[in-house]
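Numbering (my numbering), first residue to last: 19 to 314. Inspection log for the structure reproduced underneath, given as structure tokens.
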Ligand code: NAD
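What follows is the structure in structure tokens.
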């Protein structure tokens, strides 16, 4: 049994924290949202007074927060993790963040003999609920090994991708870039087929068994978009954030990403049109606006 802290109990962090609890670990949690805190308290976790207090009680502190800016504030700000964390502890940031943020935090906390792993996850809110996530981890190999059992509570697919704490963030930003290209491309293809009078369900079934397959046609269209559910649990605000971080990473690498620039602009327009709280799957509605079914 490990004393674990978990800060950020949203669509991802809530279920991940629950899996750690179910695995028998001693859990202390915190979130700004009282309902999120209460749900974990009901499940058997202790609720900390804030990030510093959570860290005081924990050998390993997990974060699942919206943005790198919030991670920085929660770790290094007033009453942050830094103020409470003990020497020898490990900080695991599962947030989709930038490599630079994770590396800066790792450098700051190294003075306190704390090791930082950047350990973002993929698999969506349903993967978090089912405990079927993939995690891609950067940082000290010994710290990775020490945390493997904790990762196994929610991620059957685990990769140590490099020794630098930001390496996992690089892989995650590249993964989400591919995921968004797939979502936008599939939206255009299905909307164009609908305009030609074809059945979206049949088209998506064909694409998912043909060379056009990707996560959008295999999962998002059949399970979310075609049944009109639009509750993937990944907001437009997070989609916009991730493509912003990808573009920032590409710019810092001095690498042209032509499709990336186009998709980033499209996601900006979609977020302005649909709002940040809309679900990412609603990108399809946005694309449909300019590929309306033909009246001819
Ligand atoms: P979410 O918005 O559902 O949850 C974030 C939680 O953080 C909320 O409960 C919020 O109250 C809390 N929070 C915000 N600021 C805080 C602060 N200062 N102190 C304490 N708590 C604070 O987001 P999510 O969908 O759970 O995503 C979390 C992270 O995981 C993001 O970085 C996201 O990009 C990434 N991610 C999300 C998905 C997905 O499908 N939702 C998949 C993979 C990765």
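Just so it is clear, CB atoms sit at the ideal spot from N, CA and C, and this is done for glycine as well.
Asked: Can you grab the Cα-Cα spacing for the pair residue 237 / residue 222, in whole Å?; Found: 10 Å
Asked: Regarding residue 170 and ligand 1, is the C-beta to nearest heavy atom distance less than 6 Å?; Found: no
Asked: With a cut-off of 8 Å, do at least 3 Cβ pairs link the region 160-179 to the region 200-211?; Found: no
Asked: Touch check for the region 245-256 and the region 293-305: three-plus C-beta pairs under 8 Å?; Found: yes
Asked: Apart from the five residues just before and just after residue 159, which ones in its own chain have a Cβ nearer than 8 Å to its Cβ?; Found: 178 and 181
Asked: Output yes or no for whether 7 Å exceeds the beta carbon distance between residue 29 and residue 143.; Found: yes
Asked: Indicate whether the contact test is met: 3 or more Cβ pairs, each with one atom in the region 204-212 and one in the region 300-307, closer than 8 Å.; Found: yes
Asked: Less than 7 Å between the beta carbons of residue 254 and residue 292, yes or no?; Found: yes
Asked: Measuring only the C-alpha atoms, how far is residue 284 from residue 228?; Found: 26 Å
Asked: Hey, is residue 309's beta-carbon within less than 7 Å of any beta-carbon in chain B?; Found: Absent from the structure: chain B. Only one protein chain is present.
Asked: Counting only runs of 3+ residues fully inside the region 202-276, write out the beta strand (DSSP E) ranges in chain order.; Found: none
Asked: With distances taken from CA atoms, which of 277, 102, 36 and 176 is nearest residue 196?; Found: 277
Asked: Comparing the CB of residue 252 with every heavy atom of ligand 1, is any distance shorter than 6 Å?; Found: yes
Asked: Taking the alpha carbon of residue 140 as the reference point, which residue from 112, 101 and 27 has its own alpha carbon closest?; Found: 112
Asked: In the DSSP assignment, find the unbroken alpha helix (DSSP H) run with residue 154 in it and report its ends.; Found: Note, residue 154: premise wrong, no alpha helix (DSSP H); beta strand (DSSP E) at 152-156.
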